[in-house]
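Notes follow the structure.
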Amino acid sequence: MLAGAMALRQMNVAEDIITIAFGLILGAAAVAAAIAFGVGGRDLARAQLESWRKDLDAG
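Under this note's numbering, the residues of the sequence shown are numbered 1 to 59, in order.
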């Protein structure tokens, strides 16, 4: 995909559209990774918060 975008840009074929599309694809991948990381770590975060709460209540 990167090579295709670079080739189209080198041929001066709609440089702005290629740049924007590539940026949108990378941005979408970053958002997807952030959501997956957040949803995947939800149970671990809950367990850690419960552990801290028990420590604070006992201490």
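Glycine is no exception: its CB is placed at the ideal position from the N, C-alpha and C atoms. Since the structure is predicted, the reported quantities are computational estimates derived from the model, not experimental observations.
Distance between beta carbons of residue j and residue i, contact taken as under 8 angstroms
i     : j    : result
Ile18 : Leu2 : That pair is no contact at about 11 angstroms.
Pairwise C-alpha distance: residue j and residue i
i     : j     : result
Ala47 : Gln10 : 52 angstroms
Ala58 : Glu50 : 12 angstroms
Ala33 : Gly40 : 10 angstroms
Asn12 : Leu26 : 21 angstroms
Arg42 : Trp52 : 15 angstroms
Asp55 : Ala29 : 38 angstroms
Ala45 : Val31 : 20 angstroms
Phe22 : Asp16 : 10 angstroms
Phe37 : Ile20 : 26 angstroms
Spatially closest choice to residue i from the options, by CA coordinates
i     : options                      : result
Leu24 : Leu49, Ala5, Asn12 and Lys54 : Ala5
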